[in-house]
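Beneath this line is the structure, given in structure tokens, with notes to follow.
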Amino acid sequence: MSTAKAQDAFQTTVRNAILIDVGTESVLFEKAADELQAPASLAKLMTMSIVFEEMRQGRLPLDQEVVISTDAWRRGGAPSRTSSMYVAVNSRVRVQDLLRGAIIQSGNDASIALAEAISGTEANFVVLMNKRARDLGLVRSVFRNATGLPDPDQRMTAREVARLAEHIIKTFPEQYAVYAEREFTWNNIRQQNRNPLLGTYNGADGLKTGYIEEAGFNLAGSAVQSNQRLIVVVLGARSLQERTNEARKLLDWGFRSFELRDLFAESETLGDVRVFGGASATVPVTAGKLVRLLLPRGQSDRVSAQIVYQGPVKAPVRQGTEIGKLRVMRGAQLALEVPVYAAADVEVGSLSQRAMQGAWEAASGWLRSGIARP
25 MSTAKAQDAF QTTVRNAILI DVGTESVLFE KAADELQAPA SLAKLMTMSI VFEEMRQGRL
85 PLDQEVVIST DAWRRGGAPS RTSSMYVAVN SRVRVQDLLR GAIIQSGNDA SIALAEAISG
145 TEANFVVLMN KRARDLGLVR SVFRNATGLP DPDQRMTARE VARLAEHIIK TFPEQYAVYA
205 EREFTWNNIR QQNRNPLLGT YNGADGLKTG YIEEAGFNLA GSAVQSNQRL IVVVLGARSL
265 QERTNEARKL LDWGFRSFEL RDLFAESETL GDVRVFGGAS ATVPVTAGKL VRLLLPRGQS
325 DRVSAQIVYQ GPVKAPVRQG TEIGKLRVMR GAQLALEVPV YAAADVEVGS LSQRAMQGAW
385 EAASGWLRSG IARP
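Written out as structure tokens, the structure reads:
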């Protein structure tokens, strides 16, 4: 993968990494961020995103008691010798306690119990995990269990881990606060949160670590400084220390090395998209919001912007309809991608207009790419 000059001043020793700014959705750094890797316990981020949604919909109350199955106890509890909350088989445990057991203690028993509470079996829950991944635009992630325990088919990319973390932070702020809790005691066993950034890195408030032999040491973290939130993902570190050091280095570099630049105003027209069968041959598009990008301080990476869409965009077109994407490149790196929307209505055109446009489209094809001014 080509990298922009913005990244040349920073290197990381981990196998895969990405650093994003949540406010602008800018990618500040990436290294092999689209390679599929074993996520280990980072898979629990998807488990918890589903748990949070069930809670929000009122289908999983915090005070609901869940019976701990033999399977949850054996494969995820004390007999498994893996990360565990140490719940007892056949005991009844409240959702709010299982929630903390899964997040703070990374309990595999708690994760399986929550999956069973929602879907009856972990296998049924895995179907829901993969569907939710696609609904969130995580097109490459594949889930095979609710825990992150080894499975040859369970895979995520650093980029999709970051997108999932961003979804949790933005969509479930109340539940996200649990990720910042430093410890949890269950069954008289007090366990510390496994996130090494908590309490040691300024503004850190989440999210998750993971380790299995195949994956190495993984981490998805987030921190806020001066009202700016960054998300960092590192995969494949060779040790606990390397994982912590590289995550901290990435966050430090992101907070100090970039400045904010406005690219497009909230209602600014970005360009025109061709319309098939319309009274007008084109429709203007807008992002519908202020488009901002973080750029390296004192560096002059070339910034370009392009509208990408796939047609035919058939008339009638209604104002506010999503048309395609605005892709902003910083050098050779995709730094930002946001949806674009029709800025006006286009009604169906006359027969002669449609005939002329049809002939043009037949000759030129449907994949479109327009230039927007950066």
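All residue numbers for the sequence shown refer to the working numbering, where the first residue is 25 and numbers rise by one.
Don't be surprised by glycine CBs; every beta carbon is placed ideally from N, CA and C.
This structure is a prediction, so every number in the text was calculated from the model and none was measured.
- Residue state for S50 is assigned as strand, using DSSP reduced to three classes.
- Counting only runs of 4+ residues, the alpha helix (DSSP H) found wholly inside the segment 33-105 occupies 68-80, 94-100, in chain order.
- Within the same chain, Cβ atoms closer than 7 Å to the Cβ of V370 are found at V299, G302, A303, S304, V307, A339, P340, V341, the five residues on either side in sequence being excluded.
- Around the beta-carbon of V91, fewer than 16 other beta-carbon atoms lie within 10 Å, marking it exposed.
- For N219, the closest of D121, G245, R105, L60 by C-alpha to C-alpha distance is G245.
- For K232, the enclosing beta strand (DSSP E) begins and ends at 228-236.
- Here D175 has R168, N169 as same chain residues with Cβ atoms under 7 Å from its own Cβ, once five neighbours each way along the sequence are excluded.
- Contact between E207 and I128 is confirmed by a C-beta separation of about 7 Å, below the 8 Å threshold.
- If you look at N148, you'll find it in the alpha helix (DSSP H) that goes 146-159.
- Between the C-alpha atoms of T224 and L123 there is a straight-line separation of about 24 Å.
- Considered as a whole, the segment 242-309 harbours 252-261, 282-288, 295-298 as its complete beta strand (DSSP E) runs of no fewer than 3 residues, in chain order.
- When the alpha-carbon of M79 is set against those of G100, Y200, S130, the nearest one is in Y200.
- The three-state secondary structure of Q343, taken from DSSP, is coil.
- With at least 16 other beta carbons inside 10 angstroms of its own, T181 counts as buried.
- Between V257 and A271, the alpha-carbon positions lie close to 7 Å from each other.
- Per DSSP, reduced to three states, the secondary structure at S130 is coil, with no helix or strand assignment.
- Taking 9 Å as the cut-off, the Cβ atoms of A96 and D133 count as close.
- Per the C-alpha coordinates, the member of V111, F196, L259 positioned closest to A56 is L259.
- Per the coordinates, the alpha-carbon of S50 lies some 43 Å from the alpha-carbon of S93.
- Sequence-distant Cβ neighbours of T293 in its own chain, meaning closer than 8 Å and more than five residues away, are P308, V309, T310, A367.
- Closest in alpha carbon position to L264, among E237, R280, W277, L254, is E237.
- For the 9 Å CB-CB criterion, L254 and R285 do not form a contact.
- Rounded to whole angstroms, R105 and R351 show a C-alpha spacing of 46 Å.
- The beta carbon of V38 is closer than 6 Å to those of V258, G260, A261, E270 in its chain, skipping five residues each way along the sequence.
- G230 is classed as buried because its beta carbon has at least 16 other beta carbons within 10 Å across all chains shown.
- Residue state for K194 is assigned as helix, using DSSP reduced to three classes.
- Secondary structure note for F208: its beta strand (DSSP E) is the uninterrupted segment 207-210.
- The Cβ atoms of M72 and N211 lie no closer than 9 Å to each other.
- Beta-bridge partners assigned by DSSP to G355: none are found.
- Between S135 and K68 a beta carbon distance of about 6 Å is seen, short of the 8 Å cut, so the two are scored as contacting.
- Where L319 is concerned, the enclosing beta strand (DSSP E) starts and stops at 315-320.
- The bridge partners DSSP lists for G348 are V364.
- Listed in chain order, the non-local C-beta contacts of K313 below 8 Å within the same chain comprise E290, V362, local neighbours out to five positions each way being set aside.
- Out of V151, F279, F34, A356, the CA that lies nearest to the CA of Q249 is found in F279.
- From the listed residues G47, L52, L221, the smallest Cα separation to W277 is found for L52.
- Relative to T233, the option among V75, V185, Q88, I193 whose CA is nearest is V185.
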